[in-house]
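Here is the structure we will look at, set down as structure tokens.
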Amino acid sequence: MNASLRNIVLVGFMGTGKTCVGELLAKRLGMTFVDMDDVIVEREGKPIPQIFAEEGEPYFRSVERELVRELAGRTGQVIGTGGGVVLNADNIRDFGSAGLVVCLTAPPETILERVAHDTNRPLLAGSDKMQKIRGILDARKELYDAIPLRVETDNLTVDEVVQRIVTMYRGD
Ligand code: S3P
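Here the sequence shown is numbered in this note's numbering, starting from 2 and rising by one per residue.
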């Protein structure tokens with residue numbers, strides 16, 4: 002596929018930098034940045050924690066699934082996914098045929114630092130955030146590990162992460 006027609010899809014656990022990296026990456030490449038959670042919040046008319054509380058996680062996953070199908074049908078986007086997009090293999094299959102899928106990673110300690118004061122992530126709400134992070138990371142490990150293109154973000158600036166993805170994209 003012609004590189005300019007492809008999408009770049011950023012997956013990875015919460016707090017791995019998908020949004021920060023995606024915004025800058027899109028700017029660099031003259032592509033459109035789409036944050037999946039933002040689209041869902043706008044369409045549902047309520048924040049993510051409220052969607053989880055009022056409609057339940059399965060409802061959120063079905064909305065997320067539909068949005069993946071929609072975005073996979075378009076081109077020229079950098080897509081920042083929600084961390085749980087890997088839970089449905091169909092999502093990764095669809096994105097895999099629509100563009101370059103890159104997994105951002107970070108150790109649990111760094112993730113905790115990045116999400117410590119965040120109240121917008123229902124799966125990490127309440128106390129014992131580290132235990133929650135480790136539990137979910139562990140449960141999803143194989144799913145994230147199955148993505149061949151990866152960038153470990155821990156000791157890199159946003160700019161450096163973007164550079165690495167640009168190199169992957171151009172060489173693709
Ligand atoms: C989720 C990650 C969130 C959001 C929702 C569920 C997850 O997105 O989609 O809270 O299951 O990992 P971010 O990865 O952007 O925080």
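Don't be surprised by glycine CBs; every beta carbon is placed ideally from N, CA and C.
Please go through the region 73 to 114 and give each complete alpha helix (DSSP H) segment of 4 or more residues, from N-terminal end onward.
90 to 99
C-alpha distance - GLY172 paired with PHE53, whole-angstrom precision
Looking up residue 172 in the sequence shown gives position 171. Looking up residue 53 in the sequence shown gives position 52. Their Cα atoms are separated by approximately 39 Å.
Contact between the region 80 to 90 and the region 27 to 42 (3+ Cβ pairs under 8 Å):
yes
GLY23 and LEU105 - do their beta-carbons sit closer together than 7 Å?
Reading the sequence shown from its first residue, position 104 is the one you call residue 105. Reading the sequence shown from its first residue, position 22 is the one you call residue 23. Their beta carbons are not under 7 Å apart, which means LEU105 does not touch GLY23 by this criterion.
contact_flag[the region 70 to 77, the region 91 to 99] where n(CB pairs < 8 Å) is 3 or more
yes
Buried or exposed: THR168, going by 16 or more other Cβ atoms within 10 Å of its Cβ?
In the sequence shown, the residue the question calls residue 168 occupies position 167. Sixteen is the threshold: since fewer than 16 other Cβ atoms of the shown chains lie within 10 Å of the Cβ of THR168, the residue is exposed.
Minimum Cβ-Cβ distance from ASN121 to chain C less than 7 Å:
Judged by its chain identifiers, the structure shown contains no chain C, having just a single protein chain.
Per DSSP, the bridge partner or partners of THR33
Within the sequence shown, the letter at position 32 stands for residue 33. DSSP lists GLN78 as partners of THR33.
Going straight from the alpha carbon of MET32 to that of PRO109, what length do you get?
The sequence position of residue 32 within the sequence shown is 31, counting from 1. The sequence position of residue 109 within the sequence shown is 108, counting from 1. C-alpha of MET32 to C-alpha of PRO109: approximately 31 Å in a straight line.
Helix, strand or coil for SER5? Go by DSSP, reduced to three states.
Counting from 1 along the sequence shown, the entry for residue 5 is found at position 4. A caution first: SER5 carries a pLDDT of 47, below 50, which makes its placement in the model unreliable, though a value can still be read off. In this structure, SER5 counts as helix in the three-state DSSP scheme.
Is VAL163 closer than 7 Å to LEU11 when the C-beta atoms are compared?
Locating residue 11 in the sequence shown gives position 10, counting from the first residue. Locating residue 163 in the sequence shown gives position 162, counting from the first residue. Inclusion of LEU11 and VAL163 in the CB contact set at 7 Å is not warranted, their separation being larger than that value.
When the distance is taken between beta carbons, is GLY16 closer than 7 Å to ILE112?
The residue labelled residue 112 in the question sits at position 111 within the sequence shown. The residue labelled residue 16 in the question sits at position 15 within the sequence shown. Note that the C-beta distance between ILE112 and GLY16 is below 7 Å.
Alpha-carbon spacing of LEU150 relative to VAL102, whole angstroms:
Within the sequence shown, residue 150 is the residue found at index 149, counting from 1. Within the sequence shown, residue 102 is the residue found at index 101, counting from 1. Roughly 7 Å between the two C-alpha positions.
Beta-carbon proximity list for SER5, same chain, < 8 Å, skipping 5 on both sides:
Here residue 5 is taken as the residue at index 4 of the sequence shown, counted from 1. Caution applies to SER5, whose pLDDT of 47 falls short of 50 and renders its modelled position unreliable; the value that the coordinates give is listed next. Within the same chain, SER5 has close Cβ partners GLY77.
For ARG151, name the three-state secondary structure that DSSP assigns.
Here residue 151 refers to the residue found at position 150 of the sequence shown. If DSSP states are grouped into helix, strand and coil, ARG151 belongs with the strands.
By the three-class DSSP mapping on this structure, what secondary structure does GLY13 have?
As a first step, residue 13 must be located in the sequence shown, where it is residue number 12. Correct three-state label for GLY13: strand.
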